[in-house]
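Chains as they are written, first to last, in numbering that gives the first Met the number 0: chain A, 0 to 364; chain B, 0 to 311. Even for Gly, the Cβ is constructed at its ideal location relative to N, Cα and C. Bear in mind the structure is a predicted one, so any value in this text is a computation, not a measurement. Take a look at the structure below.
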Amino acid sequence: MAQIRIENVRKDFGSFNAVKSSTFTIEDGEFFMLLGPSGCGKTTTLRMMAGLELPTSGEIYIDGEEVGQKPASQRDIAFVFQMFALYPHMNVGKNISYPLVSQGMPKAQVKKKVDEIAEILGITDILKKPVGGLSGGDRQRVALGRAIVRNPKAFFMDEPLGALDAEFREHMSEELRALHDRMGATTVYVTHDQLEAMQMGDKIVVMNHGVVEQFGVPQEIYDWPATKFVAQFIGSPPMNFLDFNGMVGNGSTEVRLNDIAMAIPQCLDGANGALSFGVRPEHVQLDDAAGYRGVVKATEYLGTTQIITLETPNGVIKARAPSSDAVRVGATTGLRFDPRTVTLFDAKSGKALRSQANQGVLAHG
Amino acid sequence: MSYSVTEPSKGTKWLAGVLVVSYAIITLIPLLWIIATGFKSPTDSIAYPPVVVFQPTLEGYVNLFTERTRATDEMLAAAGPPTTWYDQIARDRGTVISGPSRYGQRFLNSVIIGFGSTALCMVLGTAAAYAFSRFKVPLKDDLLFFILSTRMMPPIAVAIPIFLMFRNLGLNDTHLGMILLYTAVNLSLSVWLLKGFIDEIPIEYEEAALIDGYTRFQAFYKVVLPQAATGIASTAIFCLIFAWNEYAFAVLLTSGTAQTAPPFIPTIIGTGGKDWPAVAAGATIFLVPVMVFTIMLRKHLLRGITFGAVRK
């Protein structure tokens, strides 16, 4: 079990820069998510932590020890691959025992360990089977078994649920989280699925184009995104942006959208120019008394809620409302935005402006 | 792989069976004829019209493995009664066995050179293929093309330079020389074939082994090699067949110590009349090792041929 610290880590593949100067700390026992779209550098970051790639520059500390240039075999970590990478020429038991055999552990002890792990994962009855004919879930369990059998300092998982059916993924993610809680081991988990990240993670790092966009607990990231990218990547539907040109003063508590005053959390970063007014769909209320108007373009029925697409003078937005609300396509309606949840972004840099509400989150992000 | 959706009808199956069996018979006739000729008497072997049913004899095999001298009646009497069955066969023809022939030695040369070059080829080929498949080799594509380009001419086109080179290096008529030569000829094919096989093995297996605490070489040895066994086996068959059957270089570069069976077999004709049964016997025995090797590895061979063509 260990703390993992990444400092100014950079990775170039030839002239391609995959990871640009990442810095973050994963605390002991955390379930840590590396989240981002494909090609954002999250897998490369994970592989550098594991020692499957060596960083071009920067330091990686596992348990206080600098391991950046050490081979994987000397880092005492376990890795679960997306395709599981079970050794095809060995049976289930052999696969699980393989890391122990490399340590020169006596046979009797290996057997005891393997049986113990098989018990935890509920795969005792398939220990003698070849890995070829196993179902996706059992393969996943065997891969996990091979990872936990050694009591490594940390687990690294590269989209471990990506190869499973959607239905089964749900079940496996619960199992994974339960396993983590039971073992209490530091786990770093790469995924491109924001729902999975929110659901399972203690902490999330959101990456894009090799850059860490934000780092924090799921709710902070959801409520107070540091950049427009994070605001859009997390949440379904994503955060709405009402684009406007204008200014917001230091300490100001309102902006003018289409000449209508909108309350915002007290702004600490005054700005002038192209701005975006960010609000999550569930914080958009349809209220005929409100001065800001929008036209209903479409509705999507989702059971208990519905997603309403509206056209406003500042762009198309979506609102989440109870499905009992009667909404007519083509109708004009007033819109109210919950002022406590609004984030303003500089449209050009994409960065969130600091406010009284999000300054605590942005300070460490 | 696609299968036809409907089960073929009985008639279709029957027709397919007939076609396959007749094709097999047609291709096997020369082989069967050689094997049969090995058991014929010299008269039967050149009889016209050819005889299909004949009295089998081991005379061809005896002649293949022995040197004989024609003996007068007095010499036969002096030699005493024949002590073994092969003595008896020689006596029936009015000859006495004066010693073993050189066939055994030549056959052994073929085994040493054929299997030696195949083994060397596999070791070098696997190592090179692994490197080309997994590492960043500068000018990789050019190097691979160079390697392949050695295949673009018939090997015999370079016979004269190789002959001169071997003479100067003292490799003429040596086992080492022939092993090196056949390895050089086969290596391009084996690097390319093996690279294909190793490319198909996901790199995650090795990475898993690295994470599990194994060194790079252990990962290669314990994880990649067992996975590549199929590819190595089928490549080995191709290499062995070439080295085993090679005739032109063997004629040119070997004459005694390291002479392989292919250039030796025809020389049997010259000793004491046209002894076709002995030639056929030599050819039959010569076929056995490759046949056994191929049958042993045939599962791999079939998978080897279709490997990569089918998405698993």
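Under the three-state DSSP convention, the category residue i falls into
| i | result |
| --- | --- |
| Ser100(B) | coil |
| Asn313(A) | coil |
| Arg74(A) | coil |
| Thr259(B) | coil |
| Gly307(B) | Note that Gly307(B) has pLDDT 46, beneath the 50 cutoff, so the model's placement of it is unreliable and no number is given. |
| Cys39(A) | coil |
| Ala270(A) | strand |
| Glu58(B) | helix |
| Ser134(A) | coil |
| Ala330(A) | coil |
| Asn257(A) | coil |
| Asn357(A) | coil |
| Val66(A) | coil |
| Ala15(B) | helix |
| Glu195(A) | helix |
| Met0(B) | Low per-residue confidence applies at Met0(B): pLDDT is 46, beneath 50, and the placement is therefore not dependable enough to give any value. |
| Ser116(B) | helix |
| Glu206(B) | helix |
| Tyr300(A) | strand |
| Phe106(B) | helix |
| Phe38(B) | coil |
| Pro98(A) | helix |
| Gly124(B) | helix |
| Val136(B) | coil |
| Asp164(A) | coil |
| Asp287(A) | coil |
Minimum Cβ-Cβ distance from residue i to chain A less than 9 Å
| i | result |
| --- | --- |
| Val309(B) | A caution first: Val309(B) carries a pLDDT of 41, below 50, which makes its placement in the model unreliable, though a value can still be read off. No, Val309(B) lies away from the interface with chain A (no Cβ there is under 9 Å from its Cβ). |
| Pro137(B) | no |
| Pro225(B) | yes |
| Met0(B) | Confidence at Met0(B) is low in this model, with a pLDDT of 46, below 50, so its placement is unreliable and the value that follows should be read with caution. So, not an interface residue. |
| Ser132(B) | no |
CB contact below 9 Å: residue i versus chain B
| i | result |
| --- | --- |
| Gly50(A) | yes |
| Pro338(A) | no |
| Gln102(A) | yes |
| Pro87(A) | yes |
| Tyr188(A) | no |
| Pro98(A) | yes |
| Ala84(A) | yes |
| Arg138(A) | no |
| Arg335(A) | no |
| Arg149(A) | yes |
| Arg4(A) | no |
| Arg176(A) | no |
| Arg181(A) | no |
| Arg145(A) | yes |
Neighbour list for residue i in chain B, Cβ cutoff strictly below 8 Å
| i | result |
| --- | --- |
| Phe80(A) | Glu203, Glu206 and Ala207 |
| Ile76(A) | Ile210 |
Where residue i meets chain B, residues with beta-carbon distance less than 9 Å
| i | result |
| --- | --- |
| Pro70(A) | Leu209, Thr214 and Arg215 |
Report task. Compile a chain-ordered list of the residues in the segment 189-223 of chain B whose CB is closer than 7 Å to at least one CB of chain A. Result -> Those residues of the segment 189-223 of chain B that come within reach of chain A (Cβ to Cβ, closer than 7 Å) are Pro201, Glu203, Tyr204, Glu206, Ala207, Leu209, Ile210, Asp211, Gly212, Tyr213, Thr214 and Val222.
Query raised in the report: Between the segment 258-277 of chain A and the segment 222-234 of chain A, are three or more C-beta pairs nearer than 8 Å?
Result: Yes: the two stretches touch, three or more of their Cβ pairs being nearer than 8 Å.
Query - Residues within the segment 158-173 of chain B neighbouring chain A, beta-carbon criterion of under 9 Å - result: Of all residues in the segment 158-173 of chain B, none comes within less than 9 Å of chain A when Cβ atoms are compared.
Query raised in the report: Does the pairing of the segment 178-187 of chain B with the segment 242-256 of chain B give three or more beta-carbon distances under 8 Å?
Result: yes
Query raised in the report: Is the segment 57-75 of chain A touching the segment 245-254 of chain A in the sense that three or more CB pairs, one from each, lie closer than 8 Å?
Result: The segment 245-254 of chain A, when compared against the segment 57-75 of chain A, does not touch it at the 8 Å Cβ threshold.
**Report entry** Segment contact flag, the segment 172-181 of chain B with the segment 250-270 of chain B, C-beta cutoff 8 Å, min 3 pairs
**Finding:** Counting C-beta pairs closer than 8 Å gives three or more between the segment 172-181 of chain B and the segment 250-270 of chain B, which meets the contact rule.
Query raised in the report: On the three-pair Cβ rule with 8 Å, is the segment 136-154 of chain A touching the segment 74-87 of chain A?
Result: As far as the Cβ criterion goes, the segment 136-154 of chain A touches the segment 74-87 of chain A, which means the pair count is three or higher.
Query raised in the report: Can you find at least 3 beta carbon pairs, one from the segment 270-287 of chain B and one from the segment 218-234 of chain B, that sit closer than 8 Å?
Result: Cβ pair count under 8 Å is below three, so no.
Query raised in the report: Taking three-plus beta-carbon pairs below 8 Å as touching, is the segment 159-172 of chain A in contact with the segment 93-100 of chain A?
Result: No, the segment 159-172 of chain A does not touch the segment 93-100 of chain A.
Query raised in the report: Three or more C-beta pairs closer than 8 Å, one from the segment 39-50 of chain A and one from the segment 204-213 of chain A: is that the case here?
Result: Under the Cβ criterion (8 Å, minimum of three pairs), the segment 39-50 of chain A counts as touching the segment 204-213 of chain A.
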